[in-house]
Amino acid sequence: MDLLDDTWDLPVTKNINRDLFSSYEDGESFDVDSFLLDNNFHYVPLDTLCEDLTSLTREMDHALLDASSESYKDFIKLCDQFSDTVDTRPELQNVKLELTQFLNKLRGLTETDILNTQEIIKDTVDYLETLDKLSAVIADATGLNTGLQLAEKLSNVLNSLCANTSQKSLEYTLCGQVLTQLHQLTTKAYTTLENLQQNDSPLMLQLRSEYHSIIAQFRACLHVLCDKCVANPNETKELAGQLSNLLSKERQA
2 MDLLDDTWDL PVTKNINRDL FSSYEDGESF DVDSFLLDNN FHYVPLDTLC
52 EDLTSLTREM DHALLDASSE SYKDFIKLCD QFSDTVDTRP ELQNVKLELT
102 QFLNKLRGLT ETDILNTQEI IKDTVDYLET LDKLSAVIAD ATGLNTGLQL
152 AEKLSNVLNS LCANTSQKSL EYTLCGQVLT QLHQLTTKAY TTLENLQQND
202 SPLMLQLRSE YHSIIAQFRA CLHVLCDKCV ANPNETKELA GQLSNLLSKE
252 RQA
């Protein structure tokens, strides 16, 4: 794969403005999911999306108020010009009635429709945030399961090496390597389990049980290896150093 290839068709998001909503007709159902996907807004951070939508809402509020204010001023000027003309008075009354109806609709739009739209957007943002949290939990659980499977295999290997009564220096070196890898895996698993301690799903209960089984076998192997280092100090200098370093880290944790 050429990372410098600039011909990739990358997703492009649009700016949130009134034009994005102009294609919707009166009475047409507004599908939030389709709106987000069609405009690639699922690639936009949630905080940025909320800020842009809030900014657009303020812009619409000001635009509606400005439009109604300008229309009302024009109506007053028209009344001043034809107030003494009997023929135009009924027409002016009709205009006044239509203007009143328009202001009532405008009031309903600002007090109801916009609030409903804001509520829909808020619910959608909350839903997306929940999905993000759920995705993170799934990723952590998947990584934890993979790490524990590997840790179990290494623990069995280390247990077999500890059971060998006639070990050579090469096997002691292998013990040290397995010991280091197993310690890294169990430390990472412990951190992940701490982050997921509020999760009591059946899967997490099973993973916690597997972790404790691995730790129990790991500790038993550590005792055996310490005894071997004491019994064979000349052949286990490197292994003894690794054990000392590991135990030192455990005390500091």
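Here the sequence shown is numbered in our numbering, starting from 2 and rising by one per residue.
Just so it is clear, CB atoms sit at the ideal spot from N, CA and C, and this is done for glycine as well.
Does the Cβ-Cβ distance between Leu186 and Leu151 come in under 9 Å? yes
How many angstroms separate the CA atom of Thr58 from the CA atom of Phe31? 16 Å
Taking C-beta to C-beta, are Val126 and Cys51 nearer than 9 Å? yes
Taking 9 Å as the threshold (C-beta atoms), are Leu240 and Leu180 in contact? yes
Give a yes or no on whether the C-beta atoms belonging to Met61 and Ala142 are separated by under 9 Å. no
Taking the alpha helix (DSSP H) that Arg209 belongs to, which residues open and close that run? Pro203 to Ala232
Could you check where the alpha helix (DSSP H) with Val33 kicks off and where it finishes? Val33 to Asp39
Please state the DSSP three-state secondary structure of Ile17. coil
Under 8 Å, with one C-beta from each stretch per pair, do the region 225-243 and the region 191-208 reach the 3-pair mark? no
Alpha carbon to alpha carbon, how far is Leu100 from Glu257? Give it in angstroms, no decimals. Outside the displayed span of the chain (2 to 254) sits residue 257, for which this structure offers no information.
Quick check on Leu5: does DSSP put it in helix, strand or coil? In this prediction, Leu5 scores a pLDDT of 47, lower than 50, which makes its location untrustworthy; the coordinate-derived value is nonetheless stated afterwards. Here Leu5 sits in coil by DSSP.
Suppose you measure from the CA of Ser214 to the CA of Leu145; what does that come to, to the nearest Å? 15 Å
Taking 9 Å as the threshold (C-beta atoms), are Phe219 and Leu183 in contact? yes
Is it buried or exposed, Gly177, if we count other Cβ atoms within 10 angstroms and call 16 or more buried? buried
For Asp3, which residues of its own chain have a beta-carbon under 8 Å away from its beta-carbon, when the five flanking residues on both sides are left out? Because the pLDDT at Asp3 is just 47, under 50, the model does not fix this residue reliably, and the value given afterwards should be weighed accordingly. Excluding positions up to five away in sequence, the list is empty.
Beta-carbon gap between Val33 and Ile115 smaller than 9 Å: no
Leaving out the 5 sequence neighbours to the left and right, which residues in its chain are closer than 7 Å to Ser175 when beta-carbon positions are compared? Checking the sequence shown, residue 175 turns out to be Leu, not Ser. The residues are Leu162.
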